[in-house]
Amino acid sequence: MDTPAPIKLSLQPLPGFRDFYPAEHAVRTYIFETWRRVCRSYAFAEYDGPMLEPEELYVKKSGGELVGQLFNFVDKGKRAVALRPEMTPTVARMLAVRDRDYKKPVKWFSIASFFRYEKQQDGRLREFCQLNCDLFGDRSTGGEAELLSLAIDLFRAFGLTAEDFHLRVNDRGVWDDFLGARGIAPERRPDFLQIIDKLEREPRAVSEPKLAEFSVSWEELQAFLAEPAPSFGPLIAELEARGLREFVRFDATIVRGLAYYTGLVFEVFAPAHGRALAGGGRYDDLIATLTDGAVSQHAFGFAVGDVVLEKVLRAVPHTRARLEESVRAASALDAYGVIADEARRPEALGLFAQLRAAGLRLDYPLAAAKVGKQFQAAEAAGARYAVVIGAEWPQVKLKTLATRTEEACAAEEVLARLGR
RNA sequence: GUGGCUGUAGCUCAAUGGCAGAGCUCCAGAUUGUGAUUCUGGCUGUUGCGGGUUCGAAUCCCGUCAGCCACCCCA
14 MDTPAPIKLS
24 LQPLPGFRDF
34 YPAEHAVRTY
44 IFETWRRVCR
54 SYAFAEYDGP
64 MLEPEELYVK
74 KSGGELVGQL
84 FNFVDKGKRA
94 VALRPEMTPT
104 VARMLAVRDR
114 DYKKPVKWFS
124 IASFFRYEKQ
134 QDGRLREFCQ
144 LNCDLFGDRS
154 TGGEAELLSL
164 AIDLFRAFGL
174 TAEDFHLRVN
184 DRGVWDDFLG
194 ARGIAPERRP
204 DFLQIIDKLE
214 REPRAVSEPK
224 LAEFSVSWEE
234 LQAFLAEPAP
244 SFGPLIAELE
254 ARGLREFVRF
264 DATIVRGLAY
274 YTGLVFEVFA
284 PAHGRALAGG
294 GRYDDLIATL
304 TDGAVSQHAF
314 GFAVGDVVLE
324 KVLRAVPHTR
334 ARLEESVRAA
344 SALDAYGVIA
354 DEARRPEALG
364 LFAQLRAAGL
374 RLDYPLAAAK
384 VGKQFQAAEA
394 AGARYAVVIG
404 AEWPQVKLKT
414 LATRTEEACA
424 AEEVLARLGR
């Protein structure tokens, strides 16, 4: 029996997890607030669900294969549980339980953390955040266009343009038709879609033999891909009416990896990075699957991850500038209180309390400090004004830091002068 | 899960087998009622961790952990 080695406490977060110090947290807040603003403008309502779910919820819908990537364990009640790897099964479950309580269509969004036990690499962590937007109880082209439009505006809101991203849209139905016309059994559809999904990443020499197993030749497939998409006319018209046509491209090779997608699928693609910023699709059968048929509801949704989005926002100069300006503005103080005469600290504290109660963001030195230091602190905090309290109380001085101009006024006038 | 590269001060890095260093940051002072610049001083290390080779290891070897990158997978 070995004596256990003394455990040295690591000060690092676990692999794939992140500490959010104020600078990083401010960036995350900028992203989250932008997401919220856009979602609300589309009349989507925010919800959340449990971070921990029965492992079964994820196994049931896609078989046992993904269990190896779940962040799962057995709890003290001997339950097999998993930290949520995605929101869709949770939101589908929530909708199924209270289906009758909500008028259709249901438009919901959430901003939440997700987990997967994988080796981390560029843009992939073990904990990450996602925005999820879902539309239930609607199967119209108008609803699909609405969600695609939301997906576009979510990225335009950060300053990204059609140069930076576009949607790649397809309908899995085109492959059902393709396979049906060739007499290929529906059970083999997932395997076939796998080949299509990897078409872009794998060389022809790899894909061609796989296609041969379905009696599909390389030339035959290329000819099919070259055909114009048949049934997207109404969707295109909807997008054209919103002035969003340029953001959308139809591409039959987009099938998305998830097993539960049934019809329209899409991803938001950043060509300069060769990466997907978001992905989603229609999953009309999932709710019925989860409830063993007790509830059936149309569903269409997508998710946006925070990691790749932030990477892209930092890489594009104008979105980077916007991000940095927003972070700076969010943390800047309205005023810094300078206590020039410690004998007046009680009066100063009283005034500062009033200013804060009025909603101003204000800081001041917690202990006696030289006036020079206090102005340095005011500058470093990005304060717009310095309120100087000294021996001349109840007269105070109000200094505009950017212009270095100073004026005297009565203490009770400060709030009005600061413009609130 | 597989492979490649990399781990030295809070950060960026130097030191190629011979005294562990620099810049930046941070703190203090020059400057006891006004921010810049400058100058001066100060703090900071089990060289990721463990073992091996050697008179001597940050340096060479083995293992391990972590990070980055590419696979695998992608909810």
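Residue numbers 14 to 433, in my numbering, belong to the letters of the first sequence in order. Glycine included, C-beta positions come from ideal geometry on N, C-alpha and C.
Around the beta carbon of GLU323, 16 or more other beta carbons lie within 10 angstroms, which makes this residue buried. Under the criterion of beta carbons closer than 8 Å, ARG358 and PHE171 do not qualify as touching, at roughly 44 Å. As DSSP reads the structure, GLN143 sits in a beta bridge with ALA125, GLY318.
Per DSSP, reduced to three states, the secondary structure at GLU419 is strand.
Residue range 288 to 295 is occupied by the beta strand (DSSP E) that includes LEU290. Counting other Cβ atoms within 10 Å of its Cβ, LEU27 stays below 16 and is therefore classed as exposed.
Taking a 10 Å sphere around the C-beta of SER162, we find 16 or more other C-beta atoms and assign the residue as buried.
Looking at the DSSP output, GLN408 bridges to ALA423. One thing to note: VAL317 has its Cβ within 8 Å of the Cβ of LEU144. Fully contained in the stretch 363 to 393 are the following alpha helix (DSSP H) runs of length 4 or more, in chain order: 384 to 393.
Distance from the CA of LEU303 to the CA of THR275, rounded to the nearest whole angstrom, comes to 15 Å. Per DSSP, reduced to three states, the secondary structure at PRO284 is coil, with no helix or strand assignment.
LEU431 and ALA283 have their alpha carbons spaced roughly 44 Å apart. Taking 8 Å as the cut-off, the Cβ atoms of ILE267 and ARG369 do not count as close. When only Cα atoms are considered, ALA380 and TRP406 end up about 19 Å apart. If you draw a straight line from the Cα of ARG129 to the Cα of LEU271, it comes to about 15 Å. Residue pairing from DSSP places GLN134 in a beta bridge opposite ARG137. Excluding the 5 residues flanking it on each side, ARG255 has same chain C-beta neighbours closer than 7 Å at SER162, in chain order.
A residue is called buried when at least 16 other Cβ atoms come within 10 angstroms of its Cβ; ARG106 meets this threshold and is buried.
Per the Cβ contact rule, the stretch 118 to 134 is in contact with the stretch 142 to 158 (3 or more Cβ pairs under 8 Å). One thing to note: PHE263 has its Cβ no nearer than 8 Å to the Cβ of PHE237. DSSP places ALA356 in the helix class (H, G or I) of the three-state scheme. Note on geometry: alpha-carbon atoms of GLY29 and LYS132 lie some 8 Å from one another.
The beta carbons of ALA424 and VAL409 sit closer together than 8 Å. Here the stretch 57 to 74 does not lie against the stretch 32 to 41, with fewer than 3 beta-carbon pairs under 8 Å apart. Cβ atoms of GLY156 and PHE388 stay farther apart than 8 Å, at about 57 Å.
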